[in-house]
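Before any comments, here is the structure.
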Amino acid sequence: MDSEQSNLARDDFATDVNLWLALKAGQTDALGKLYDRHSGLVYGVALRVLGTAQEAEDLTQDIFIKLMQSSAYDPKRGSLRTFLAILTRSRAIDRLRSRQVAQTSLQRWQSDYAPPSAIPPVDEIARDERSQAIRDALASLTENQQEILRMAYYDGLTQSTIAKQLDTPLGTVKARARRGLLKLRQLLQDSLD
Amino acid sequence: MTGLVPPEYQQLLIAGYVLGDLGPEEAAAFEQLLAADPSLIREVEQMQQALEMAYAAETPPPAHLKASILSAYELAQTAVAAPRRSTRVVALSGWIKGLGAIAAALIIGLVIDNYTLRRSLQAVRDVSTPATVLTFDLEPTETQISGSVNVVIDPDSLQGTLNVENLPPLQADQVYVLWTVVAPDAPVTADEKNAILTEVFTVNAAGEGSEQIAVPSVFRDRSLVKAVAITIENADAPQRHQSAPILIEQL
Numbered sequence: 413m414d415s416e417q418s419n420l421a422r423d424d425f426a427t428d429v430n431l432w433l434a435l436k437a438g439q440t441d442a443l444g445k446l447y448d449r450h451s452g453l454v455y456g457v458a459l460r461v462l463g464t465a466q467e468a469e470d471l472t473q474d475i476f477i478k479l480m481q482s483s484a485y486d487p488k489r490g491s492l493r494t495f496l497a498i499l500t501r502s503r504a505i506d507r508l509r510s511r512q513v514a515q516t517s518l519q520r521w522q523s524d525y526a527p528p529s530a531i532p533p534v535d536e537i538a539r540d541e542r543s544q545a546i547r548d549a550l551a552s553l554t555e556n557q558q559e560i561l562r563m564a565y566y567d568g569l570t571q572s573t574i575a576k577q578l579d580t581p582l583g584t585v586k587a588r589a590r591r592g593l594l595k596l597r598q599l600l601q602d603s604l605d
Numbered sequence: 002m003t004g005l006v007p008p009e010y011q012q013l014l015i016a017g018y019v020l021g022d023l024g025p026e027e028a029a030a031f032e033q034l035l036a037a038d039p040s041l042i043r044e045v046e047q048m049q050q051a052l053e054m055a056y057a058a059e060t061p062p063p064a065h066l067k068a069s070i071l072s073a074y075e076l077a078q079t080a081v082a083a084p085r086r087s088t089r090v091v092a093l094s095g096w097i098k099g100l101g102a103i104a105a106a107l108i109i110g111l112v113i114d115n116y117t118l119r120r121s122l123q124a125v126r127d128v129s130t131p132a133t134v135l136t137f138d139l140e141p142t143e144t145q146i147s148g149s150v151n152v153v154i155d156p157d158s159l160q161g162t163l164n165v166e167n168l169p170p171l172q173a174d175q176v177y178v179l180w181t182v183v184a185p186d187a188p189v190t191a192d193e194k195n196a197i198l199t200e201v202f203t204v205n206a207a208g209e210g211s212e213q214i215a216v217p218s219v220f221r222d223r224s225l226v227k228a229v230a231i232t233i234e235n236a237d238a239p240q241r242h243q244s245a246p247i248l249i250e251q252l
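Right, dumping it as structure tokens:
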């Protein structure tokens, strides 16, 4: 059983890497497979940030269409899913900001130079969407670990940027993020496939 | 090999890979670890799953979206044309090539899936209307201006391609800007010249350029678009729209 699971995992992993490389080599059909594997993640992130199905569809399309052109992803340094999740969240937040600027501009044209409204908080999955086990696991992380994981995964900030913002050495930031994730995996072990 | 690496370091490398932050040396170490013990990939998967359980949630997209994306992608690929496709070679290290061998069977599966994909694409072609693709051939506004710009837009996907030939390369502090000029009463946000900044671009030394672009939703109602134009703007603030068009297609 373990062997079978290992084989499946290896195949999944290899498939992501190969599909990415096939896409970069111009093999259009690789896009459909990548879409099948990751569209739920991309669409889910987009929907939670943008709040409407239409905008989430537009962004999902944008992410996949431009994937081939992207040179930002290096399969040796990180997983494709994390890259896609961070990219999608970042683009979604950009769109929220553009929407805010457009609304502000319109307000200025129309009347009263109203001050801009704040971008609605969209960072996290609603608490009630998480199971108790996940909430407990997150609560078990140190505040530093939670903060750095949020900044890295939600805000898409590089470790260097996080280090500057928190005035913390880069090595410490990396270590906290990784140890936080290790702890999460250990605490959630029973829930993992 | 893995026996020489402390288990905790292995785990930290896996976490770093899942977080996407491995440095070059760490990436090399991770590569060696995987080559020596492919079963570690299972741990990568589990680490990924733990991260997403805590911080992400999948939502199935609507069924029609895949066909829409594949159709738009194919359109974009066609417009961008063959040269880009033929020359892409990605440098691969051994372990990635190895993984390629591991996944050979799945690649074969991909080939089989091509049939389904082709059928899907054919179905998309049957129901979509290629004639709705908008093509703009911008012409110089003055005789002494050289160059040509072609813009192909799919109003459904709001994606397009911008192809430029023979435009003079600019100084470092200048950029070309593609504008979508809308009707004065169009229900969109435009600048004082009724224009929407659509793309900022430069050209290579030969005066050529080609890129995929996203276009404003106003293209879904062509009656609202009055012109597509190119200006030369200050690179620091192209949105100020201070210059007159050098190429334009009036509608």
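Those protein sequence lines, which keep their order, are chains A and B.
First residue of the first sequence: 413, per the working numbering; consecutive thereafter.
First residue of the second sequence: 2, per the working numbering; consecutive thereafter.
Heads up, the beta-carbon is just placed ideally off N, CA and C, and yes, glycines get one too.
Put simply, the CB of LYS194/B is far from chain A, with every gap to its CB atoms at 8 Å or more. Rounded to whole angstroms, the separation of the alpha carbons of LEU76/B and VAL176/B is 27 Å. Beta-bridge partners assigned by DSSP to GLN160/B: ASP155/B and ALA215/B. The Cβ neighbour count for LEU14/B, taken over all protein chains shown within 10 Å, is at least 16; the residue is labelled buried. THR60, PRO61, PRO62, PRO63, LEU66, LYS67, SER69, ILE70, LEU71, ALA73, TYR74, GLU75 and ALA77: these are the residues of the segment 60 to 77 of chain B whose beta carbon lies less than 8 Å from some beta carbon of chain A, given in chain order. In the DSSP secondary-structure assignment, TYR177/B is bridged to PHE202/B and ILE233/B. Nearest in C-alpha terms to LEU168/B, of all of ILE233/B, PRO62/B, PRO39/B and SER69/B, is ILE233/B.
Pairing LYS488/A with PHE202/B, the inter-Cα distance amounts to about 31 Å.
Of the candidates ASP474/A, LEU561/A and ALA564/A, the residue whose Cα lies closest to the Cα of ILE214/B is ASP474/A. Between the C-alpha atoms of TYR565/A and ARG503/A there is a straight-line separation of about 13 Å.
For LEU496/A, no CB of chain B lies under 8 Å from its own CB, so it is not counted at the interface with that chain. At a cut-off of 8 Å between C-beta atoms, ASP186/B does not count as an interface residue with respect to chain A.
The three-state reading of DSSP puts GLY583/A in helix, counting H, G and I together. The C-beta of SER211/B comes no closer than 8 Å to any C-beta of chain A. Three or more Cβ pairs closer than 8 Å define a contact, and the segment 172 to 192 of chain B meets that threshold against the segment 220 to 239 of chain B. The closest CA to that of ASN556/A, considering only THR584/A, THR573/A, GLN544/A and ALA545/A, is found on THR584/A. Across the segment 18 to 44 of chain B, CB contacts with chain A closer than 7 Å involve TYR18, VAL19, LEU20, GLY21, ASP22, LEU23, ALA28, GLU32, PRO39, SER40, ILE42 and ARG43, in sequence order along the chain.
Between the C-alpha atoms of ALA468/A and ASP192/B there is a straight-line separation of about 27 Å. At a cut-off of 8 Å between beta-carbon atoms, ALA549/A makes contact with chain B. In this structure, the CA atom of GLN251/B is about 23 Å from the CA atom of SER158/B. Straight through space, the alpha carbons of ASN164/B and THR136/B are spaced by roughly 11 Å. If you draw a 10 Å sphere on the C-beta of GLU143/B, you find fewer than 16 other C-beta atoms in it, and that means exposed. At least one C-beta of chain A is nearer than 8 Å to the C-beta of LEU13/B.
Identification of chain B residues near LEU459/A by a Cβ-Cβ cut-off of 7 Å yields THR60, ordered along the chain. Between the segment 454 to 465 of chain A and the segment 581 to 600 of chain A there are fewer than three C-beta pairs closer than 8 Å, too few to call the two in contact. Distance from LEU443/A to PHE476/A at the Cβ level is roughly 6 Å; contact confirmed, criterion being Cβ atoms closer than 8 Å. Nearest CB-CB separation between GLU469/A and chain B: below the 8 Å threshold.
Residues of the same chain with a CB within less than 7 Å of the CB of PRO156/B, apart from the 5 flanking positions on each side, are THR133, LEU135, PHE220 and ARG221 in chain order. Annotation for ILE146/B: ILE247 and LEU248 place their beta carbon closer than 8 Å to its own, counting only its chain and skipping 5 residues before and after. For a Cβ distance threshold of 8 Å, residue set ASP474 of chain A lies close to ALA215/B, ordered along the chain. Cα atoms of LEU462/A and LEU139/B: separation of roughly 35 Å, rounded to the nearest angstrom.
The alpha-carbon of ALA36/B is positioned some 39 Å away from that of PRO63/B. The distance from the Cβ of TYR485/A to that of ILE70/B is about 18 Å, inconsistent with a contact at the 8 Å cut-off. Distance check between ASN151/B and each of PRO8/B, GLY17/B, VAL229/B and ALA16/B places VAL229/B closest, using alpha-carbon atoms only.
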